[in-house]
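In the working numbering, the protein residues as written are -7 to 357.
Structural data, given as structure tokens:
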């Protein structure tokens, strides 16, 4: 049993506090990971405010890198000493999605069987089955994706963001949206996920990439990461603007990275005929958008939601790390600030300001 510090939220809307937690040695199929870095993601805030469930107390954090310090019986995926990115889609290989060759949709993903606890023995529910705002965490071995490339210490903060939001955005463009070279792409909403979708479109070879947001600073960041045009939808109609920038037709692919009714309808109507639309912004429960069925039929194309950007970590993480090392994917641009465990609760407030893409905890701070 290992006694370490971790960030816990005990009740809905309660503070995220640093507490002593107990982490067991790994059992069969499990791995113990010494955490190096962990990004502060919107999903962690959703846990904090009760938007994910009420299984408090939660151990927050999931966008992480670390070093495997011990493995349990039967583990072959990783070895002690491996540098890894943690993921929440450890595929089972046996469910109906896996059996039909679509493991990125796995319906029975693995997590550690044993529970990490508070000192009094209270079970902790780890965010997305990871719980990485801590010095050590216990996960299923399949939640560890080895990083073969030797990185500099300061690069792990950026690479860890592949564990969730950045990959969700890149995957929405490359995997779900299937961007082809020379296509036009519009992204509505340029927070961390939307900006990553812009970067993904650029990586895939899109030649017209239109970023839409209400914040000029976010639009500037999107331009640095590959947007060829920007539209501030506070002062301009985004549908008309996207059509004007695409010869009057609309974009081949439009990505809604916000997930409210207005942006959903903007994305639906800003597509070219037979164009594609991807919803990657997570809607609040009960959100409704009304679409006349005759428009669905007459417009053609497809409407898809992106679960984690249809990402398969074992396939996609190594490729994206390689693109980063080669200088084709600027993951460093997503790291707005580097903080300590004690700063996580304050980082949630900073997140609400919209002035950061990611605050990243570095465990040696």
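Note that CB positions come from ideal geometry on N, CA and C, so glycine has one too.
Distances from the alpha-carbon of residue 64 to those of 18, 5, 320 and 53 put 18 closest.
Around the CB of residue 247, 16 or more other CB atoms lie within 10 Å, so the residue is classed as buried. Where residue 347 is concerned, there is no enclosing alpha helix (DSSP H), because DSSP gives it neither an H nor an E. Here the alpha carbons of residue 218 and residue 205 stand approximately 15 angstroms from one another. The criterion of a C-beta distance shorter than 7 angstroms is satisfied by residue 180 and residue 259. Uninterrupted alpha helix (DSSP H) stretches at least 4 residues long and entirely within the segment 272 to 299 occur at 285 to 291, given in chain order.
Judged by pairs of C-beta atoms under 8 angstroms, the segment 208 to 215 does not touch the segment 230 to 237, as fewer than three such pairs exist.
With contact defined as three or more Cβ pairs closer than 8 angstroms, the segment 112 to 130 and the segment 65 to 73 are not in contact. The Cβ atoms of residue 253 and residue 281 sit closer than 7 angstroms to each other. For the 7 angstroms CB-CB criterion, residue 150 and residue 327 form a contact. In this structure, residue -4 keeps its C-beta atom at 7 angstroms or more from the C-beta atom of residue 107. Nearest to residue 3 by C-alpha distance, out of 44, 343, 306 and 140, is 44. If you draw a straight line from the Cα of residue 146 to the Cα of residue 289, it is about 50 angstroms long.
If you look at residue 157, you'll find it in the alpha helix (DSSP H) that goes 157 to 163. Per DSSP, residue 192 is one residue of the alpha helix (DSSP H) stretching across 184 to 196. With a threshold of 16 other beta carbon atoms within 10 Å, residue 75 meets it and is buried. In the DSSP assignment, residue 24 falls within the unbroken beta strand (DSSP E) covering 22 to 31.
Residue 301 is positioned such that its CB atom lies closer than 7 angstroms to that of residue 164. Contact check for residue 79 against residue 305 passes: the beta carbons are separated by less than 7 angstroms. Counting along the chain, residue 261 sits inside the alpha helix (DSSP H) bounded by residues 253 to 261. Per DSSP, the unbroken beta strand (DSSP E) holding residue 180 starts and ends at 176 to 180. Under the three-state reduction of DSSP output, residue 5 falls in the coil class, being neither helix nor strand. Per DSSP, the continuous beta strand (DSSP E) segment holding residue 248 begins and ends at 243 to 248. Burial is judged here by how many other beta carbons sit within 10 angstroms of a residue's own beta carbon; residue 186 has at least 16 and is buried.
Cα atoms of residue 95 and residue 48: separation of roughly 30 angstroms, rounded to the nearest angstrom. For residue 19, the secondary structure class from DSSP, reduced to helix, strand or coil, is coil. Taking 7 angstroms as the cut-off, the Cβ atoms of residue 0 and residue 11 count as close. A distance below 8 angstroms between beta-carbons, with the five flanking residues on each side excluded, links residue 110 to the following residues of its chain, in chain order: 0, 11, 12, 13, 14, 49 and 116. Pairing residue 60 with residue 23 gives a Cβ-Cβ distance under 7 angstroms.
51 is the residue among 32, 201 and 51 whose C-alpha sits nearest the C-alpha of residue 114.
Residues of the same chain with a CB within less than 6 angstroms of the CB of residue 29, apart from the 5 flanking positions on each side, are 57, 148, 149, 152, 352 and 354 in chain order.
When 257, 203 and 171 are compared, the shortest CA-CA separation from residue 244 is found for 171.
The beta carbon of residue 37 is closer than 6 angstroms to those of 340 in its chain, skipping five residues each way along the sequence.
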